[in-house]
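J.: Just so you know, we're using my numbering here: the sequence shown kicks off at 367 and counts up by one. Beta carbons are placed, not taken as given, at the ideal position from N, Cα and C, and that holds for glycine.
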Amino acid sequence: MELPIASVQVARLPDKDTIPNYREHALRTLDDVTIVAVDDNADARAFVDQVLRLHGAKVVSVDTGAKAIEAVQRYHPDVLLCDLLMPEMDGYAVLRHIRTLDDEIARAVPIVVLTAFAGAENRLKTQQAGFQVHLDKPIDPPRLIDTIKALLKPETIGS
C-alpha cells in the first residue's frame, strides 16, 4: 500500500541581512507583552516562539487547545496565537470556549488564528467565528509582529 505524501512549505527564521527593514522591525520590541501560542506541530510552535522571543515577548507555548485555555486563564496574555487544525480541540473550539469563560480578562483576549487554510473563504469563516486576525502559514515574522502590535493596548507596548 502506498500513500501519497503532500509537499509542504517549511517556514524558516529569516536571516537578518535578507529582510528589508529588518532593523526597523527588530526595534519594534514586544517587551512586557505576554503571548500564549498554541500549535500541535512542534516545528511551527518553535518557530513562532523564537520569533516572538527575539522581539522581547514573554511566550507560553503549548501543544493542545485544552492547554491553551488553561494558559489563557493562568497568564492573562495580551494575545493568543492559535493554530486552526489541531486534534481533539480545533481553533474554533478554543475560541468558543475562551469566549464563554467566567474570567472577564481571559474572555477578552484577542485571538489570532495561524493557519495553512488560506483564501478568501477561509478568511471569512475565521472572521465570522470571531477571530480578530487570520494569518496564513508559513508565517511572515514582520507581519506577525506588526499584527500583534496592532492588537495591543497602547500602554502594553514596551519600547
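Indicate whether Thr481 and Asp449 have their beta-carbon atoms separated by less than 8 Å.
T.: Cβ distance < 8 Å, so Thr481 and Asp449 count as in contact.
J.: Quick check on Leu526: does DSSP put it in helix, strand or coil?
T.: The structure shown does not extend to residue 526, since the chain spans only 367 to 525, so no value can be given for it.
J.: Just how far apart, CA to CA, sit His391 and Asp512?
T.: Here the model assigns His391 a pLDDT of 49, short of 50, so the residue's position is not dependable and the matter cannot be decided.
J.: Could you tell me how far apart the beta carbons of Ala434 and Leu420 are, in whole angstroms, since I believe they sit closer than 8 Å?
T.: At roughly 22 Å, the Cβ-Cβ gap does not stay under 8 Å, so Ala434 and Leu420 are not in contact.
J.: Tell me the rounded alpha-carbon separation between Asn407 and Arg509.
T.: Roughly 20 Å between the two C-alpha positions.
J.: Does Phe519 pass the burial test, meaning 16 or more other C-beta atoms within 10 Å, or should it be called exposed?
T.: Here the sequence assigns Lys to residue 519, which means Phe is not the residue at that position. That one is exposed.
J.: For Asp469, which residues from the same chain have a beta carbon less than 6 Å from its beta carbon, with the 5 sequence-adjacent residues on both sides left out?
T.: Gln439.
J.: Note the first and the last residue of the continuous beta strand (DSSP E) segment covering Leu446.
T.: Segment Val445 to Asp449, the beta strand (DSSP E) holding Leu446.
J.: Which of helix, strand or coil does DSSP assign to Asp502?
T.: Of the three classes helix, strand and coil, the one that applies to Asp502 here is strand, per DSSP.
J.: Would you identify the three-state DSSP class for Leu490, choosing helix, strand or coil?
T.: Helix, per DSSP.
J.: To the nearest whole angstrom, what separates the beta carbons of Val404 and Gly431, a pair I think is in contact under 8 Å?
T.: Indeed they touch by this definition, with Cβ atoms about 6 Å apart.
J.: Please report the straight-line C-alpha distance between Asp444 and Gln494, rounded to a whole angstrom.
T.: The alpha-carbon atoms of Asp444 and Gln494 are separated by roughly 22 Å.
J.: Nearest-angstrom Cα distance between Arg389 and Ala486?
T.: The pLDDT assigned to Arg389 is 49, lower than 50, so where the model puts this residue is not dependable; a value taken from the coordinates is nonetheless given after this. Near 32 Å, if we compare the C-alpha coordinates of Ala486 and Arg389.
J.: Can you tell me which of His442, Ala437 and Ala423 puts its alpha carbon nearest to the alpha carbon of Val475?
T.: Here the closest residue by C-alpha is His442.
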